[in-house]
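Just so you know, we're using the working numbering here: the sequence shown kicks off at 15 and counts up by one.
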Amino acid sequence: GDRITRLQQQTWRIELGRTIQTFPSQSSERDHQQRVDIMNRVLTKLAEYESIQRLWVVELAFWKHRIHDESDEKIDNVGERDFREWCRVTSGSDIVLPCVMSYLHVDYNFTRAPTGRQG
């Protein structure tokens with residue numbers, strides 16, 4: 015399968031596609047080296063994006079676990095949406111995931127909800 019088309023973020027797919035389109039079409043040694051350099055950049059970015067997507071699943075697991083743990087003690091006057099948001103914010107993923115990402119040498123801003131993916 016095509017790894018780029020499996021990326022959840024449309025902006026990532028577009029970015030990588032545009033980078034690939036910059037491949038030189040000539041066959042000189044210089045053009046060959048440029049193709050190798052561009053492909054290495056694409057593969058590095060692709061691996062980073064795939065790591066981020068895997069961590070979205072981990073973040074969702076933290077969230078689901080928090081919802082399951084707290085559902086019996088849910089405050090009656092709190093709406094379902096507020097309760098779910100509270101569970102997401104207090105799940106602990108905001109502490110664990112940046113540590114995991116730093117270990118993987120990937121930089122990502124975890125201020126967005128995992129379900130807020132674009133594209």
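All residues carry an ideal CB built from backbone N, CA and C; glycine is no exception. Predicted, not measured: the structure shown is a model, and the values here were computed from it.
Query, Result
"The region 96-106 touching the region 76-85, judged by at least three CB pairs closer than 8 Å", "yes"
"Candidates Gln40, Glu43, Leu57: closest to Thr33 by CA position", "Leu57"
"Validate contact between the region 16-27 and the region 60-68 using beta carbons, cut 8 Å, 3 pairs", "yes"
"8 Å Cβ shell around Glu29 - same chain, five flanking residues per side excluded", "Lys59"
"4-residue-minimum alpha helix (DSSP H) runs that sit fully inside the region 23-66, ordered along the chain", "24-35"
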